[in-house]
Amino acid sequence: MSDHILEQLGPYLDGELHGKSLQKVKLHLTECITCQEEYTSLENLSATLQEAPLPDFPSPEDFASDLALLLPRKPALPIREKALEFGWWLAPIGLIAIWMFISTTNLVSGAITFANSLGVLNDTSTWLVSGSAPETYWSAALGQFGFLSGNNLQIAEMAEAITRITIPQIVWQVSLATLYLSWMAIWWARHERQGLGQALES
Amino acid sequence: MISTQINETALVNQAQNGDRNAYGELVRTHSQGVLNVVYRMCGNKHLAEDAAQEAFIQAWLKLSSYQPRASFRSWLYRIAVNSAIDMLRKEKRILPDAVEDYFLMDPSPGPESMLASTERAELVRKAIVTLPDASRAVLVLREYEGLSYQEIAETIDIPIGTVMSRLNYARKLLKEKLKMHLFSYAEAEHV
Ligand SMILES: [Zn+2]
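Residue numbers (my numbering), protein chains in the order written: chain A, 22 to 223; chain B, 57 to 247.
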């Protein structure tokens, strides 16, 4: 006779055995009294456990309505979501801060350029405005080939200088504004949905 | 009813977004199961009601951490089991030995004295309560909630092999604790 299969009797009773292991236990039980007795005692135990009744608990309705009074207003967000939420509210402040920073930088750099052109600052201060003197490659090139001359060349140079300064400024201001407006739009959409949810709830 | 047609995942999603009505529906669905689990875990009606309430409050607070890879019931039962263990621990601090001594000091009726079924039920209840926490949880989920080994493994977050060994251990202990009563019971059935 093969070894006893006492450890397998619980899983057998619980219907957790399949295939070969199930066949093995079934076969063993037909020929081993020790394991048969053990199996019967497990069955008895299970029956005895089932016999112990449950007390009268509140109905699902009563339980749920009692519980509703104890529930905090909103489920707490986990830390990761809290961080995301914090970042979300920080976004518009960040955008405004970037806008203010770049505007101030431009203003200061513009003032220095202006002062420099008036000769108020000496040469050592020009590092402050390195690159701020507008380049006028296209106008100069056109002038060299004789397409532009005199007043026309000056006007073209001025126009190109202004464009070179203002276009990037317009681009970043527009992008910042777009980001800000997108944030507002998302906030509004979320707000609307929440309002709808609350309306459905009440 | 429309609400019964909405599947549980949708309800859980709504509840995760703070919808108390959706959560109320989940509570109604699972209240009896949770009450049964915690009652079998702590063997006392009032403790069980408190533990069940606590479990549902905890579940509401932790709801956003629930991920649908496990069933909602498994997730909830895990909280319920822990809540029952905590509640029992607190109770034992307040009333030390109240639970275990009662059982241990119970004058063992010999096989000759036939126990009334209420008495037998009482002994069973106390025998379960004196099991170690880990084995007790597995036994309760299997015997009283009929969970499969896989579901128990998911609920308690242990390997299936551990479910099996804890269950074997719990049954072995219970048979020892209830030996005389079981024998008398078995004999009574065969008279
Ligand atoms: Zn055997």
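For every residue, glycine included, the Cβ atom is placed at its ideal position computed from N, Cα and C.
Because the structure is a prediction, the values reported are computed rather than measured.
Rank B:Met97, B:Asn69, B:Val83 by C-alpha distance to the C-alpha of Val194 (chain B) and give the top, closest one.
When only C-alpha atoms are compared, the closest one is B:Met97.
Can you pull the chain A neighbours of Glu199 (chain B), defined as C-beta to C-beta under 8 Å?
Here the neighbours are Ser67, Leu70, Gln71.
Pro113 (chain A) beta carbon less than 7 Å from that of Ser87 (chain B):
Going by C-beta atoms, Ser87 (chain B) is not nearer than 7 Å to Pro113 (chain A).
When A:Asn137, A:Leu139, A:Phe122, A:Ile26 are compared against Glu52 (chain A), the one with the closest alpha-carbon:
Taking only the C-alpha atoms, the option nearest Glu52 (chain A) is A:Ile26.
Near-chain B residues of the region 32 to 59 of chain A (beta-carbon distance less than 7 Å), N- to C-terminal order:
From the region 32 to 59 of chain A, only Pro32, Asp35, Glu37 have a Cβ closer than 7 Å to chain B.
Separation of Glu201 (chain B) from Leu43 (chain A), as counted between CA atoms
About 23 Å.
Using beta carbons (cut-off 7 Å, strictly below), is Leu90 (chain A) in contact with chain B?
No, no contact with chain B.
Using a Cβ-Cβ cutoff of less than 8 Å, which residues in the same chain neighbour Leu91 (chain B) once the five nearest sequence positions on both sides are dropped?
Within the same chain, Leu91 (chain B) has close Cβ partners Ala104, Glu105, Ala108.
Whole angstroms are fine: how far does the CA of Arg192 (chain B) sit from the CA of Glu37 (chain A)?
About 19 Å.
When you compare the CB of Val219 (chain B) with every CB in chain A, is at least one pair closer than 7 Å?
Against chain A, the CB of Val219 (chain B) has no partner CB under 7 Å away; the residue lies outside that interface.
CB-CB under 6 Å to Arg134 (chain B), same chain, minus the five flanking residues each way: which ones, in chain order?
Annotation for Arg134 (chain B): Thr211 place their beta carbon closer than 6 Å to its own, counting only its chain and skipping 5 residues before and after.
Of all the options B:Glu199, B:Leu82, B:Pro215, which has the alpha carbon lying nearest to the alpha carbon of Asn65 (chain A)?
For the residues B:Glu199, B:Leu82, B:Pro215, the minimum Cα distance to Asn65 (chain A) belongs to B:Glu199.
What are the boundary residues of the alpha helix (DSSP H) that includes His25 (chain A)?
If you look at His25 (chain A), you'll find it isn't in any alpha helix (DSSP H); DSSP assigns it neither H nor E.
Report the option in A:Trp159, A:Ile117, A:Ala132 whose CA atom is closest to the CA atom of Leu202 (chain A).
It is A:Ile117 whose Cα lies nearest to the Cα of Leu202 (chain A).
Separation of Ile208 (chain B) from Val137 (chain B), as counted between CA atoms
Roughly 11 Å separates the two Cα atoms.
Assuming contact is defined by CB atoms lying nearer than 7 Å, are Gly99 (chain B) and Val185 (chain B) in contact in what I supplied?
In this structure, Gly99 (chain B) sits near Val185 (chain B), with a CB-CB distance shorter than 7 Å.
Taking only three categories from DSSP, how would you classify Tyr33 (chain A)?
Reduced to three states, the DSSP call for Tyr33 (chain A) is helix.
How would you write the range of the alpha helix (DSSP H) that Gln114 (chain B) sits in, first residue to last?
101 to 118 is the span of the alpha helix (DSSP H), which, as asked, contains Gln114 (chain B).
Can you tell me which of A:Thr199, A:Leu105, A:Gly167, A:Glu28 puts its alpha carbon nearest to the alpha carbon of Met57 (chain A)?
According to the sequence as given, residue 57 (chain A) is Gln; it is not Met. Of the candidates A:Thr199, A:Leu105, A:Gly167, A:Glu28, the one whose C-alpha sits nearest the C-alpha of Gln57 (chain A) is A:Glu28.
Same chain, Cβ closer than 6 Å to Glu156 (chain B), neighbours up to 5 away in sequence not counted
Because the pLDDT at Glu156 (chain B) is just 47, under 50, the model does not fix this residue reliably, and the value given afterwards should be weighed accordingly. So the list reads Thr186, once near-sequence residues are dropped.
I think Val68 (chain B) touches Leu82 (chain B), with their Cβ atoms under 8 Å apart; what is that distance to the nearest whole Å?
Between Leu82 (chain B) and Val68 (chain B) the Cβ distance is about 7 Å, and since that is below 8 Å, they are a contact.
Counting C-beta neighbours from all protein chains within 10 Å, is the total for Phe168 (chain A) 16 or more, i.e. buried, or is it exposed?
Result: exposed.
Could you check the C-alpha separation between Val219 (chain B) and Tyr205 (chain B) for me, to the nearest Å?
Approximately 6 Å between the Cα atoms of the pair.
Using a Cβ-based criterion (distance less than 6 Å to any ligand heavy atom), does Thr51 (chain A) qualify as near ligand 1?
No, the Cβ of Thr51 (chain A) stays beyond 6 Å of every heavy atom of ligand 1.
With 7 Å set as the bound, which would you pick, yes or no: does the beta-carbon of Ala85 (chain A) sit closer than that to a beta-carbon of chain B?
Ala85 (chain A) belongs to the set of residues whose beta carbon lies under 7 Å from a beta carbon in chain B.
With a threshold of 7 Å between beta carbons, is Gln109 (chain B) in contact with chain A?
Interface residue, yes.
Use the C-beta contact count for Ser130 (chain B): other C-beta atoms within 10 angstroms, 16 or more gives buried, fewer gives exposed.
Buried: at least 16 other Cβ atoms inside 10 Å.
Taking only heavy atoms of ligand 1 into account, decide whether any of them is closer than 6 Å to the Cβ of Thr61 (chain A).
No, the Cβ of Thr61 (chain A) stays beyond 6 Å of every heavy atom of ligand 1.
Listed by chain order, chain B residues near Glu82 (chain A) by CB distance under 8 Å:
Within chain B, the residues Arg84 have their CB atoms less than 8 Å from the CB of Glu82 (chain A), given in chain order.
Whole angstroms is fine: what's the gap from Phe84 (chain A)'s alpha carbon to Leu34 (chain A)'s?
Linking Phe84 (chain A) to Leu34 (chain A) through their CA atoms gives a straight-line distance of about 34 Å.
Does the Cβ of His39 (chain A) lie closer than 6 Å to at least one heavy atom of ligand 1?
It does not: the Cβ of His39 (chain A) is nowhere closer than 6 Å to a heavy atom of ligand 1.
Between A:Leu30, A:Leu63, A:Gly131, A:Ser196, which has its C-alpha nearest His49 (chain A)'s C-alpha?
For the residues A:Leu30, A:Leu63, A:Gly131, A:Ser196, the minimum Cα distance to His49 (chain A) belongs to A:Leu30.
What does a CB cutoff of less than 7 Å around Met205 (chain A) pick up in its chain, not counting 5 residues either side in sequence?
No residues qualify anywhere along the chain.
Would Lys146 (chain B) pass as an interface residue toward chain A - the criterion being a Cβ-Cβ separation below 7 Å?
Interface residue (Cβ-Cβ distance to chain A less than 7 Å): Lys146 (chain B) is not classified as such.
Taking any Cβ of chain A, which residues in the region 175 to 197 of chain B have a Cβ under 7 Å from it, in chain order?
Of all residues in the region 175 to 197 of chain B, only Arg176, Ala177, Val180, Arg181 come within less than 7 Å of chain A when Cβ atoms are compared, listed by chain position.
Can you give the Cα-Cα distance for Ser173 (chain B) and Phe78 (chain A), rounded to whole angstroms?
So the two alpha carbons sit approximately 21 Å from each other.
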